[in-house]
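**Q**
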Amino acid sequence: MPSTLAQHTLLEQYVKKILAAPVYELAVHTPLQPAPALSLALGNQILLKREDLQPTFSFKIRGAYNKLVNLSAAQKKRGVITASAGNHAQGVALAARQLGIDAMIVMPTTTPELKVSGVRSRGAQALLHGESFPFALSHALELASQTGKTFVSPFDDPDVIAGQGTVAMEILRQHQGGLDAIFVPVDGGGLIAGIAAYVKYLRPEVRIIGVESEHSACLNAALQADDRVVLPSVGTFADGVAVAQIGAHGFEVCRFCVDEVLTVSNDELCIAMKNIYDDTRSITEPSGALAVAGIKKYVARTGVRDQTLIAIDSGANINFDSLRHVAERAALSEASA
Ligand SMILES: *Cc1c(COP(=O)(O)O)cnc(C)c1O
Numbered sequence: 001m002p003s004t005l006a007q008h009t010l011l012e013q014y015v016k017k018i019l020a021a022p023v024y025e026l027a028v029h030t031p032l033q034p035a036p037a038l039s040l041a042l043g044n045q046i047l048l049k050r051e052d053l054q055p056t057f058s059f060k061i062r063g064a065y066n067k068l069v070n071l072s073a074a075q076k077k078r079g080v081i082t083a084s085a086g087n088h089a090q091g092v093a094l095a096a097r098q099l100g101i102d103a104m105i106v107m108p109t110t111t112p113e114l115k116v117s118g119v120r121s122r123g124a125q126a127l128l129h130g131e132s133f134p135f136a137l138s139h140a141l142e143l144a145s146q147t148g149k150t151f152v153s154p155f156d157d158p159d160v161i162a163g164q165g166t167v168a169m170e171i172l173r174q175h176q177g178g179l180d181a182i183f184v185p186v187d188g189g190g191l192i193a194g195i196a197a198y199v200k201y202l203r204p205e206v207r208i209i210g211v212e213s214e215h216s217a218c219l220n221a222a223l224q225a226d227d228r229v230v231l232p233s234v235g236t237f238a239d240g241v242a243v244a245q246i247g248a249h250g251f252e253v254c255r256f257c258v259d260e261v262l263t264v265s266n267d268e269l270c271i272a273m274k275n276i277y278d279d280t281r282s283i284t285e286p287s288g289a290l291a292v293a294g295i296k297k298y299v300a301r302t303g304v305r306d307q308t309l310i311a312i313d314s315g316a317n318i319n320f321d322s323l324r325h326v327a328e329r330a331a332l333s334e335a336s337a
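Position one of the sequence shown corresponds to residue 1 (the UniProt record's numbering), numbered consecutively onward.
1) Over the uninterrupted alpha helix (DSSP H) stretch that includes R173, give me the two end residues.
2) Of the choices P36, M273, E328 and L202, whose alpha-carbon is the least far from that of K16?
3) In the segment 192-260, which residue ranges form an unbroken alpha helix (DSSP H) of at least 4 residues, counting only runs that do not cross its ends?
4) Name the DSSP bridge partner or partners of Q90?
5) Mind checking who F135 pairs with in its DSSP beta bridge?
6) Just to confirm my understanding: we take V186, look at its own chain, exclude 5 residues before and 5 after, and list those with CB closer than 6 Å. What are they?
7) Which partner residues does K49 have in the DSSP bridge list?
8) Comparing the CB of D156 with every heavy atom of ligand 1, is any distance shorter than 7 Å?
9) Could you name the residues that DSSP lists as bridge partners for L128?
10) Can you tell me whether L269 is buried or exposed? The criterion is at least 16 other CB atoms within 10 Å of its CB, across all chains shown.
11) Nearest-angstrom Cα distance between A124 and D102?
12) Which value, in whole angstroms, describes the spacing of the CA atoms of P154 and V160?
13) Below 8 Å, how does it come out for the segment 81-98 and the segment 111-119: are there three or more Cβ pairs, yes or no?
14) Would you report the Cα separation of T109 and D157, rounded to the nearest angstrom?
Right, dumping it as C-alpha cells:
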C-alpha cells in the first residue's frame with residue numbers, strides 16, 4: 001500500500017502512463033473468463049484473464065509496443081535490440097514491424113524453436129547466444145553500446161511496465177464487483193509492477209499476490225532480503241520465467257504494493273495447465289499457468305471460501321512436443337497426491 005507521498009506519486013505516474021499507453025494499435029482486450037470447474041473445486045469464484053489470446057500468444061506485446069512507440073524519431077531510425085527467452089522477443093518483433101523499426105533479438109540457446117521461429121517469421125533478426133537469460137542479456141547490452149541501437153528491457157523499464165499495466169486497467173473495468181485478489185506470474189517483475197501500481201492506486205484493498213517458479217523465485221528472495229538479490233542459478237522449465245534478479249523499476253513498486261509471493265513446483269504447474277485445459281480447452285505454457293497454481297496453493301493454505309480470485313493466464317507458447325511431458329507429470333503427480 002502506498003504510505004508516503006513519494007510512493008503515492010510513483011503510483012500516480014504509472015497510472016497516468018497506463019491510461020495513455022496506445023497498446024490497442026497492436027494488442028487486443030482479452031476476456032476475463034470464468035473457470036467453472038476450478039471455482040467449484042476450490043469453493044471460490046476463479047476468473048482467468050486470457051492473455052494467452054494476444055497476438056504472439058502472451059501479454060508481452062503490450063509493454064513492447066508501449067516502449068517502441070514512445071522512442072524518439074532518431075532512436076526509431078537506429079533500431080532496437082533486446083534479450084529474451086522468447087515472449088518478449090516476439091512482442092518486440094511484432095511491435096517493431098508494425099512501427100517500421102529494425103529489431104535484433106538475442107535469445108538463450110535453450111529457447112524453444114517455436115519462439116525462435118516466431119521472431120524470425122516476424123521479420124526480426126534472432127541471435128542465439130548464452131545458455132540462459134543472463135548471458136544473452138549481457139551480450140545484448142554489449143551490442144547495444146557498440147551499435148547505438150536502443151536496448152529494450154523485457155521488464156525493467158517504466159514504459160514496458162506501464163504497457164503491461166494495461167492488463168489491470170482492463171480487469172478493473174471488466175470486473176466492477178467484489179474482488180479479493182489478483183494472482184500474477186512473476187519473472188523480471190514488469191507485469192506485476194504494472195498491475196500492482198494500477199490496482200493499489202485505485203483499489204488498494206485488492207490483494208496483489210505474485211507467483212513464481214520455485215526455480216526462479218527472485219521477487220520472493222528480494223522482498224525477504226529487502227534487496228534485489230541475484231539467484232545463484234535458475235531453472236528453465238517455465239522458460240517464460242527464468243530470470244535471476246528482479247528488475248529495479250519493478251522492485252521499486254513491488255516492495256510496497258505486493259501483498260505476498262508464492263512459489264510453486266514444476267509438477268504443480270503441469271497440473272495447473274491441465275486445470276486450465278479442462279475449464280477452457282486451451283493450452284498454456286508453464287509460466288502461463290503459474291497464477292492458477294498459486295491460487296490453488298493459496299486456497300489450500302488459507303482455507304478462504306466464496307472469494308473472487310483472478311489469475312493472469314499469461315501465455316501459450318509451448319512446443320507441441322513438450323505436451324507429452326506435461327501430461328505425464330500431471331498424471332503422475334495427481335496420482336500421488
Ligand atoms: C514474461 C512472462 C511472464 C513474467 O513477466 P515479468 O514481467 O517478466 O515478470 C509470465 N508469463 C509469461 C508467459 C511471460 O512471457
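All residues carry an ideal CB built from backbone N, CA and C; glycine is no exception.
**A** Short version:
1) The continuous alpha helix (DSSP H) containing R173 extends over residues P158 to Q174.
2) K16 has its Cα closest to that of L202, out of P36, M273, E328 and L202.
3) The qualifying runs are 218-225 and 248-257.
4) Per DSSP, none; premise fails for Q90.
5) F135 is not bridged to any residue.
6) The residues are I192, G210, E212 and L219.
7) Per DSSP, the beta bridge partners of K49 are L32 and I312.
8) No.
9) Bridge partners of L128: M107.
10) L269 should be labelled buried.
11) When rounded, the distance between both Cα atoms is 7 Å.
12) C-alpha separation (whole angstroms): 7 Å.
13) Enough Cβ pairs lie closer than 8 Å, so yes.
14) Each residue's Cα considered, the two are about 25 Å apart.
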